[in-house]
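In the numbering used here, the protein residues as written are 229 to 469.
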């Protein structure tokens with residue numbers, strides 16, 4: 229189907245004006261020129277409206293594209309991060325940790341909030357959520373820039389230190405425990421928050437499951453020995469462990 233000629237009237241007026249000029253009749257030429265002027269005046273107005281419409285359409289498309297980009301970024305963030313804390317979710321944390329473990333040494337810190345069920349039971353889940361957010365803030369504030377911080381589920385968190393230094397990692401764990409002890413809930417001054425932690429280091433090529441089980445065993449010891457403490461895996465974990 230052929231598209232309509234938007235300037236058919238103007239073209240016709242121009243054709244009549246040319247014919248009048250060729251005939252040399254002054255009166256006819258005058259009328260033709262008047263028609264031509266009117267036609268082109270209408271064309272200018274119509275063209276202006278088309279340009280304005282095109283500009284509005286372009287602005288609307290730009291706004292729509294910007295919203296689409298923002299939505300895509302938001303969906304990407306939500307798919308990778310925990311909804312409550314903004315830390316990496318379990319799947320993303322493990323995936324990125326596995327990539328780092330393939331070629332480098334890493335130190336894994338596990339953290340579990342002590343007696344968290346009692347916090348929820350006594351103060352309610354909204355307070356429990358605020359405690360979890362508070363712990364996440366402590367981790368973000370104290371962990372070095374290259375570290376991965378994740379919420380593995382419930383009240384369990386993890387920090388992955390690529391190419392970490394053992395003494396520095398233990399100092400970080402102590403600093404985090406201290407920061408968690410400082411968490412306060414103004415409406416519940418009697419609430420005290422502590423956490424148990426563990427630390428384990430692995431050589432390149434170690435499986436994540438191996439590293440995690442060793443760190444989890446140490447975390448269990450920290451819980452069994454009184455909580456609010458840090459237990460470590462004494463030896464570096466190797467691929468043959």
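Glycine is no exception: its CB is placed at the ideal position from the N, C-alpha and C atoms.
- Message: For residue 389, which residues in the same chain have their Cβ closer than 6 angstroms to its Cβ, ignoring the five residues on either side in sequence?
- Response: Only residues of its own chain outside the window of five on either side were considered, and among them 335, 375, 397 have a CB closer than 6 angstroms to the CB of residue 389, listed in chain order.
- DSSP state of residue 379, grouped into three classes? strand
- Item | Own chain residues within Cβ distance below 8 angstroms of residue 446, not counting five before or after | Short of 8 angstroms from the beta carbon of residue 446, and not among the five residues preceding or following it, lie these beta carbons of its own chain, in chain order: 338, 426, 427, 428, 459, 460, 461.
- Message: So, with DSSP's three-state summary, where would you put residue 390?
- Response: strand
- Specify the secondary structure class of residue 428 as computed by DSSP and reduced to three states. strand
- Expected contact under 8 angstroms - CB spacing of residue 318 and residue 380 to nearest Å: 5 angstroms
- Nonlocal neighbours in the same chain, by C-beta distance under 7 angstroms from residue 323, ignoring five residues either side: Nothing listed; no residue qualifies.
- Item | residue 408, buried or exposed, once every other Cβ within 10 Å from all chains shown has been counted against 16 | buried
- Query: Would a C-beta distance cut-off of 8 angstroms place residue 430 and residue 333 closer than the cut-off?
  - Reply: yes
- Message: If the criterion is Cβ atoms closer than 8 angstroms, does the pair residue 400 and residue 370 meet it?
- Response: yes
- Query: Taking the alpha helix (DSSP H) that residue 453 falls in, what are its first and last residues?
  - Reply: Segment: none, residue 453 is in no alpha helix (DSSP H) and carries neither H nor E.
- Task: Whole angstroms is fine: what's the gap from residue 358's alpha carbon to residue 349's?
- Result: 14 angstroms
- Query: Would the beta-carbon of residue 405 fall within 8 angstroms of that of residue 316?
  - Reply: no
- Query: Cβ atoms of residue 331 and residue 432: under 8 angstroms apart, would you say?
  - Reply: yes
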